[in-house]
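Enquirer:
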Amino acid sequence: MLNPSNKLTKSQVARTHTLPARAGVGLKPEHFQDILATHPDIGFFEVHAENYMVAGGPFHHYLGRIREHYPLSIHGVGLSIGADAPLDVEHLNALQRLLHKYQPQSFSEHLAWSTHGPTFLNDLLPLPYNTATLQRVCDHIDQVQAHLGRRMLLENPATYVEFAASTWDESAFISEVLRRTGCALLLDVNNVYVSSVNHQRDAHAFIKSLPLAQVGEIHLAGFAEQIDGNADRLLIDSHGSPVAQAVWDLYAYTLGLTGPVATLLERDNDIPAWPVLLAEAVLAEGHLRTAAAGKQQPTKQPTQRQVLNEVPA
Amino acid sequence: MSTQTAFAQALLDATQPTPSGLITCNGSDPTLRFAVYRNNVMVSLIDALADTYPVVQRLVGEDFFRAMARVFAQANPPRSAVMASYGQDFADFVETFPPAASVPYLADVARLEMARVLAYHAADLAPIETRVLQAALADPEQLVSLQLVLHPSLHVLASLFSVASIWAAHQTDGSDPCVDPDVAQTLLVYRDALEVVFLAVAPAVAAFVIALQSGQTLSDAADAASRVETDFDLTSALALLLRLQLITHITHITQPSIGDLPHEHTH
Numbered sequence: 006m007l008n009p010s011n012k013l014t015k016s017q018v019a020r021t022h023t024l025p026a027r028a029g030v031g032l033k034p035e036h037f038q039d040i041l042a043t044h045p046d047i048g049f050f051e052v053h054a055e056n057y058m059v060a061g062g063p064f065h066h067y068l069g070r071i072r073e074h075y076p077l078s079i080h081g082v083g084l085s086i087g088a089d090a091p092l093d094v095e096h097l098n099a100l101q102r103l104l105h106k107y108q109p110q111s112f113s114e115h116l117a118w119s120t121h122g123p124t125f126l127n128d129l130l131p132l133p134y135n136t137a138t139l140q141r142v143c144d145h146i147d148q149v150q151a152h153l154g155r156r157m158l159l160e161n162p163a164t165y166v167e168f169a170a171s172t173w174d175e176s177a178f179i180s181e182v183l184r185r186t187g188c189a190l191l192l193d194v195n196n197v198y199v200s201s202v203n204h205q206r207d208a209h210a211f212i213k214s215l216p217l218a219q220v221g222e223i224h225l226a227g228f229a230e231q232i233d234g235n236a237d238r239l240l241i242d243s244h245g246s247p248v249a250q251a252v253w254d255l256y257a258y259t260l261g262l263t264g265p266v267a268t269l270l271e272r273d274n275d276i277p278a279w280p281v282l283l284a285e286a287v288l289a290e291g292h293l294r295t296a297a298a299g300k301q302q303p304t305k306q307p308t309q310r311q312v313l314n315e316v317p318a
Numbered sequence: 095m096s097t098q099t100a101f102a103q104a105l106l107d108a109t110q111p112t113p114s115g116l117i118t119c120n121g122s123d124p125t126l127r128f129a130v131y132r133n134n135v136m137v138s139l140i141d142a143l144a145d146t147y148p149v150v151q152r153l154v155g156e157d158f159f160r161a162m163a164r165v166f167a168q169a170n171p172p173r174s175a176v177m178a179s180y181g182q183d184f185a186d187f188v189e190t191f192p193p194a195a196s197v198p199y200l201a202d203v204a205r206l207e208m209a210r211v212l213a214y215h216a217a218d219l220a221p222i223e224t225r226v227l228q229a230a231l232a233d234p235e236q237l238v239s240l241q242l243v244l245h246p247s248l249h250v251l252a253s254l255f256s257v258a259s260i261w262a263a264h265q266t267d268g269s270d271p272c273v274d275p276d277v278a279q280t281l282l283v284y285r286d287a288l289e290v291v292f293l294a295v296a297p298a299v300a301a302f303v304i305a306l307q308s309g310q311t312l313s314d315a316a317d318a319a320s321r322v323e324t325d326f327d328l329t330s331a332l333a334l335l336l337r338l339q340l341i342t343h344i345t346h347i348t349q350p351s352i353g354d355l356p357h358e359h360t361h
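Going down the list, the sequences are from chains A and B. Residues 6 to 318 (the working numbering) are what the first sequence spells out, left to right. Residues 95 to 361 (the working numbering) are what the second sequence spells out, left to right.
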């Protein structure tokens, strides 16, 4: 138990409109029973929206029970905001039903595409950053926020290639999307690290150049490692291992700039026993406490950290 | 051709060239980096099939399964972001996949595993109150037009093979128990509270369920079952469905006449 007295009551959970600035864990069916049996002192849980776009059965049963006790983030992986085709309105409707059912504190999606025509490619694919893609991404986010009646968070991608057609760098592109749409940022620190290694960028400078006052959530995860055609390191956003030390360091740097932000430990492959994930969340809580202590000093934290779920004006 | 069209085609078909317009910061060959996306997509689809079809995988071994799943996924990528329902036509593919022909029951085991997934995620509906059904059955006027609506988790699987026994015998790795595959089994697959279960039934009971699911009246469904087995016992079939809590409500077809579509009233 990290801090049992800090746990929200059922009614407080229902009233809260933001994720608490604490550590959360990606909710996996393997852990449903452990969580309900032990009620761990976790800040929130996050689920992939598409896994719960089923009519009924155990997934809804357990998520409903867990939602009674914890704040929730619903994280989409299939909306394909970066696609060069209209958004799937049926998918938006399914999201709307899910958000209505669970009233999550946060809804997020990716700066990526995953569909082409009728085909779902089940991966987060990269897009060039230029005037045409900027307009399209902004139009899609405007449509999502209007359809769902709430502000969404957009996650920065992990990528393995870049495009000759790009005319913006990634942080400027993301900053402009946030400025135009009013959406918030889901800052995936592992993705920043992976992309920085893969494209030989300065991860710290990248983070510093983002509109950090708009960060509504942070993601942490593990990566896998290969080499590319030049025998340079090529990192893969695998979500299949513990968070690397380099990513913890970058996370600490980020929190120094943002102050405490809701932080998710993501693990989607080679899922370990529940106590192993809980231990990673405890590590993140340590960083959050350090950041909160730093926030007491008036020179350190100028930005207001509230990201509310209203529709942008 | 748009960038994303070329990208998507090359992801699913490794014989397609790497899309043009990709660059790398260090000047390395983009093909090797693009291969990460190719691999992510294909592995994720094969993994999704492996999640749905663990017993099929045990029956043929991981290497064979993944090779077979790759051929399927390349030709049948998902049409929905809801991956739980991916691979519903995998059994039909397995049935006509020549290298798998030596395991004739493989396709039916795949059908059973997909039925289990569909039952697992089916809608939650409460069973009918026994007294409501009893009242309808006791009223001769209602009885003629009575339809029973069954739980959405209920699936019927009729196989020439002992699929349920094969499935049960392969719940852990390394098991190689002696199951005679050549014994026909007819199963009801359904969810009992939070757990998917199945029950072997007589072919006539399966015919009765299928007829009810297709919207036939109770009496027409009973006739259909009697054509399968003359000694079909309607009372015990109804008692079974009630006991398993698989009847959710009743409806009536009102006076179906020639040229009219049946019109339903829900109770």
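Just so it is clear, CB atoms sit at the ideal spot from N, CA and C, and this is done for glycine as well.
1) Among A201(B), V203(B), H245(B), Q228(B), which one has its Cα closest to the Cα of P221(B)?
2) Could you run through the segment 112-135 of chain B and flag, in chain order, every residue whose CB is less than 8 Å away from some CB of chain A?
3) Do you know whose CA, among S174(B), I341(B), Q310(B), Y214(B), lies nearest D128(A)'s CA?
4) CA-CA distance, L84(A) and E114(A)?
5) Helix, strand or coil: which one does DSSP assign to A217(B)?
6) Return no unless some Cβ of chain B is closer than 8 Å to the Cβ of D233(A).
7) Within the 8 Å Cβ cut-off, does W279(A) reach chain B?
8) I need the DSSP call for I222(B), collapsed to helix, strand or coil.
9) For a contact defined as C-beta to C-beta under 7 Å, what are the partners of H4(A) on chain B?
10) Below 8 Å between beta carbons: does that hold for M58(A) and A99(A)?
11) By the three-class DSSP mapping on this structure, what secondary structure does W118(A) have?
12) Quick one: list the residues of chain A neighbouring A102(B), beta-carbon separation under 7 Å, in chain order.
13) Can you tell me whether DSSP reads N127(A) as helix, strand or coil?
14) Name, please, each residue of chain B whose Cβ falls closer than 8 Å to the Cβ of Y107(A).
15) Terminal residues of the continuous alpha helix (DSSP H) containing L306(B)?
16) Taking only runs of the beta strand (DSSP E) that begin and end inside the segment 138-190 of chain A, which ones reach a length of at least 3 residues, in chain order?
17) Return yes when the Cβ of A201(B) is within less than 8 Å of the Cβ of S247(B), no when it is not.
18) According to the neighbour-count rule (16 or more other Cβ atoms, all chains shown, within 10 Å of its Cβ), is P91(A) buried or exposed?
19) Between which two residues does the alpha helix (DSSP H) harbouring Y131(B) extend?
20) Are the Cβ atoms of N274(A) and H244(A) separated by less than 8 Å?
21) Does V243(B) get closer than 8 Å to chain A when you measure Cβ to Cβ?
22) Give the range of the alpha helix (DSSP H) segment to which D157(B) is assigned.
23) Ordered along the chain, which non-local residues of its own chain (more than five positions away) have a Cβ less than 8 Å from that of T280(B)?
24) Ordered along the chain, which non-local residues of its own chain (more than five positions away) have a Cβ less than 7 Å from that of V149(B)?
25) Only counting the same chain, and skipping five residues up and downstream in sequence, which positions put a Cβ closer than 7 Å to that of H96(A)?
26) Who are the neighbours of D237(A) on chain B, taking C-beta pairs under 8 Å?
27) Which stretch, first to last residue, makes up the alpha helix (DSSP H) that contains V252(A)?
28) What residues of chain B sit near D89(A), judged by a beta carbon separation below 9 Å?
29) With burial defined as no fewer than 16 other Cβ atoms inside 10 Å of the residue's Cβ, what is the status of L77(A): buried or exposed?
30) Listing by chain order, which chain A residues have their CB less than 9 Å from the CB of D218(B)?
31) Out of curiosity, what's the CA-to-CA distance linking A229(B) and T345(B)?
32) Can you give me, in chain order, the residues of the segment 154-180 of chain B that have a beta carbon less than 9 Å from any beta carbon in chain A?
33) Measuring CB atoms only, is the segment 288-301 of chain A touching the segment 95-102 of chain B, in the sense that at least three cross pairs come out at less than 8 Å?
34) Compare the C-beta of E2(A) with all C-beta atoms of chain B and state if any pair is closer than 8 Å.
35) In or out: G31(A) buried (at least 16 other Cβ within 10 Å) or exposed?
36) By a C-beta neighbour count over all protein chains shown, 10 Å radius and 16 as the cutoff for buried, is C272(B) buried or exposed?
Expert: Let me spell this out:
1) Your numbering for residue 221(B) matches position 127 in the second sequence. Among A201(B), V203(B), H245(B), Q228(B), the Cα nearest to that of P221(B) is on H245(B).
2) Answer in chain order: G115, L116, I117, T118, C119, N120, G121, S122, D123, P124, T125, L126, R127, F128, V130, Y131, N134, V135.
3) To locate residue 128(A), count along the first sequence from 1; it is residue 123. Nearest C-alpha to D128(A): S174(B).
4) For the purposes of this step, residue 84(A) is taken as the residue at position 79 of the first sequence. For the purposes of this step, residue 114(A) is taken as the residue at position 109 of the first sequence. Computed Cα separation, rounded: 7 Å.
5) Within the second sequence, numbered from 1, the residue matching residue 217(B) stands at position 123. Here A217(B) sits in coil by DSSP.
6) As a first step, residue 233(A) must be located in the first sequence, where it is residue number 228. Residue-level contact check: D233(A) touches chain B, since one or more beta carbons of chain B fall below 8 Å from its beta carbon.
7) Residue numbering aside, residue 279(A) sits at position 274 when the first sequence is read from its first letter. For W279(A), no CB of chain B lies under 8 Å from its own CB, so it is not counted at the interface with that chain.
8) The residue labelled residue 222(B) in the question sits at position 128 within the second sequence. It is coil, neither helix nor strand.
9) Examination of residue 4(A) is not possible in this model, given that chain A is present from 6 through 318 alone.
10) Stepping through the first sequence from its first residue, residue 58(A) is reached at position 53. Stepping through the first sequence from its first residue, residue 99(A) is reached at position 94. Cβ distance < 8 Å, so M58(A) and A99(A) count as in contact.
11) Locating residue 118(A) in the first sequence gives position 113, where the first residue counts as 1. The answer is strand: DSSP assigns W118(A) an E or B state.
12) Walking along the second sequence from the start, residue 102(B) turns up at place 8. Within chain A, the residues near A102(B) are H121, T124, L126.
13) The count along the first sequence starts at 1 and reaches residue 127(A) at position 122. Of the three classes helix, strand and coil, the one that applies to N127(A) here is strand, per DSSP.
14) Residue numbering aside, residue 107(A) sits at position 102 when the first sequence is read from its first letter. Correct list: empty, because the minimum Cβ distance to chain B is about 15 Å.
15) The residue labelled residue 306(B) in the question sits at position 212 within the second sequence. Taken as a continuous stretch (DSSP letters only), the alpha helix (DSSP H) holding L306(B) covers 297-307.
16) Counting whole runs of 3 or more residues, the segment 138-190 of chain A contains the beta strand (DSSP E) stretches 158-160.
17) As a first step, residue 247(B) is located in the second sequence; it is residue number 153 there, counting from the start. As a first step, residue 201(B) is located in the second sequence; it is residue number 107 there, counting from the start. It is not a contact, given that the beta carbons lie outside the stated cut-off.
18) Translated into the one-based positions of the first sequence, residue 91(A) becomes position 86. Counting the other Cβ atoms within 10 Å of the Cβ of P91(A) gives fewer than 16, which makes it exposed.
19) On the second sequence, position 37 is the one that residue 131(B) refers to. Unbroken alpha helix (DSSP H) run through Y131(B): 124-146.
20) Translated into positions along the first sequence, residue 274(A) becomes position 269. Translated into positions along the first sequence, residue 244(A) becomes position 239. Yes, the Cβ-Cβ distance between N274(A) and H244(A) is below 8 Å.
21) Taking the first residue of the second sequence as position 1, residue 243(B) is located at position 149. It does not: the Cβ of V243(B) has no partner Cβ on chain A nearer than 8 Å.
22) Residue mapping note: residue 157(B) aligns to position 63 of the second sequence, counting from 1. Membership of D157(B) in the alpha helix (DSSP H) is indicated by the continuous run 156-169.
23) Looking up residue 280(B) in the second sequence gives position 186. Counting only Cβ-Cβ distances below 8 Å, and skipping sequence neighbours, we find V250, L251, A252, S253, A294, V295, A296, P297, V299, A300.
24) Against the second sequence, residue 149(B) aligns to sequence position 55. For V149(B), where only same-chain residues beyond five positions count, the Cβ hits under 7 Å are V203, E207, W261, H264.
25) As a working mapping, residue 96(A) is identified with position 91 in the first sequence. These residues qualify, in order along the chain: G83, L84.
26) Walking along the first sequence from the start, residue 237(A) turns up at place 232. Those are N120, S122, listed as they occur along chain B.
27) Taking the first sequence and counting its residues from 1, one reaches residue 252(A) at position 247. From DSSP, the alpha helix (DSSP H) with V252(A) extends over 250-263.
28) To locate residue 89(A), count along the first sequence from 1; it is residue 84. Neighbours of D89(A) on chain B, chain order: S96, T97, Q98, T99.
29) The sequence position of residue 77(A) within the first sequence is 72, counting from 1. Classification of L77(A): buried, given that the 10 Å Cβ count is 16 or more.
30) What you label residue 218(B) is simply residue 124 of the second sequence in a count that begins at 1. Those within 9 Å of D218(B) in chain A are A60, G61, G62, H65, H66.
31) Numbered from 1 along the second sequence, position 135 holds the residue referred to as residue 229(B). Numbered from 1 along the second sequence, position 251 holds the residue referred to as residue 345(B). Roughly 13 Å between the two C-alpha positions.
32) Of all residues in the segment 154-180 of chain B, the ones placed with a Cβ closer than 9 Å to any Cβ belonging to chain A are P171, P172, R173, S174, A175, V176, M177, A178, S179, Y180, in chain order.
33) These segments do not touch.
34) Nothing can be reported for residue 2(A): it is not among the residues displayed for chain A, which extend from 6 to 318.
35) Taking the first sequence and counting its residues from 1, the one referred to as residue 31(A) is at position 26. By the neighbour-count criterion, in which 16 or more other beta carbons inside 10 Å mark a residue as buried, G31(A) falls on the buried side.
36) Your numbering for residue 272(B) matches position 178 in the second sequence. For C272(B), the number of other beta carbons within 10 angstroms of its own is below 16, and it is reported as exposed.
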